[in-house]
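Worksheet for the structure shown next.
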Amino acid sequence: MLSIDNLNISLYYLNIIFYFDMLRYKYYDEREKTEHTWIDSSSIFYTKMVESPTDNKGDLYVTFKTGATYLYKDVAFEDYVLFIGGGTDFSQGKTLNKIIKPKYQVEKMKKGPTIQELNEQLETILKPKPIDNQDISA
-16 MLSIDNLNIS LYYLNIIFYF DMLRYKYYDE REKTEHTWID SSSIFYTKMV
34 ESPTDNKGDL YVTFKTGATY LYKDVAFEDY VLFIGGGTDF SQGKTLNKII
84 KPKYQVEKMK KGPTIQELNE QLETILKPKP IDNQDISA
């Protein structure tokens, strides 16, 4: 029998599956305090969130599949997390339009990374590293 608790748990796991299905790759650069995310979206290709050193917010760069990059300034972390997760619509594009665009100052970047550069960066990150046989203990 399906109970409300079982339904909530099922919806929770369905949300996790959609979340991971929308993300191609995500990593956090501790040194630069920056999160890089490649997204499987109909319009958005890549995002970069640069943490503010003093606040729970940061500058969000969004690169669209057209190659245009926009900077959304001082985005609160909770709004960023909602955006990356796709919000209640399971869509980063819809969440960007509903949550980020109306709330934050935006600037179109004159020069941002190209889609080719971002693809090359992702390939470099995902490229298997050679194993150093000296590091293997017997």
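Our numbering applies: residue -16 is where the sequence shown begins, and numbers increase by one.
Note that CB positions come from ideal geometry on N, CA and C, so glycine has one too.
Open item on the list: With distance defined between alpha-carbon atoms, name the residue in V33, P113 and L101 nearest to E13.
Closed with: Distances from the alpha-carbon of E13 to those of V33, P113 and L101 put V33 closest.
- [ ] Look up I114 in the DSSP assignment and say whether it is helix, strand or coil.
- [x] coil
- [ ] Just the C-alpha distance for D(-12) and F60, rounded to the nearest angstrom, thanks.
- [x] With a pLDDT of only 43 at D(-12), under the threshold of 50, the placement of this residue in the model should not be trusted; the figure read from the coordinates follows. C-alpha separation (whole angstroms): 29 Å.
TODO: Look up A51 in the DSSP assignment and give the residues it is bridged to.
DONE: DSSP output for A51 lists no bridge partner at all.
Task: Whole-angstrom C-beta distance between G76 and S35, which should lie under 8 Å - done: At roughly 25 Å, the Cβ-Cβ gap does not stay under 8 Å, so S35 and G76 are not in contact.
Task: Burial state of L101, where buried means 16 or more other Cβ atoms lie within 10 Å - done: Note on L101: 16 or more other CB atoms within 10 angstroms of its CB, so buried under the neighbour-count rule.
TODO: Below 8 Å on the Cβ atoms is my guess for R7 versus I27; work out the distance and round it to an integer in Å.
DONE: In fact, because the Cβ distance is near 11 Å, the residues do not count as touching under 8 Å.
- [ ] Report whether the distance from the Cβ of Q88 to the nearest heavy atom of the ligand NAP is below 8 Å.
- [x] No copy of the ligand NAP appears in this structure; indeed no ligand is present at all.
Open item on the list: Pairs of beta-carbons, one from the stretch 35 to 55 and one from the stretch 81 to 94, closer than 8 Å: are there three or more?
Closed with: yes
TODO: With DSSP as the reference, please indicate the residues paired to E18 in a beta bridge.
DONE: Y11 and M32
Task: Limits of the unbroken beta strand (DSSP E) element including K91 - done: V89 to K91
TODO: Count the other C-beta atoms from every protein chain shown that fall within 10 angstroms of the C-beta of L43, then say buried if there are 16 or more, exposed otherwise.
DONE: The residue is buried, with at least 16 neighbouring Cβ atoms inside 10 Å.
Open item on the list: Counting C-beta neighbours from all protein chains within 10 Å, is the total for Y63 16 or more, i.e. buried, or is it exposed?
Closed with: buried
Open item on the list: Which of the three DSSP states is assigned to D72 in this structure?
Closed with: Helix at D72.
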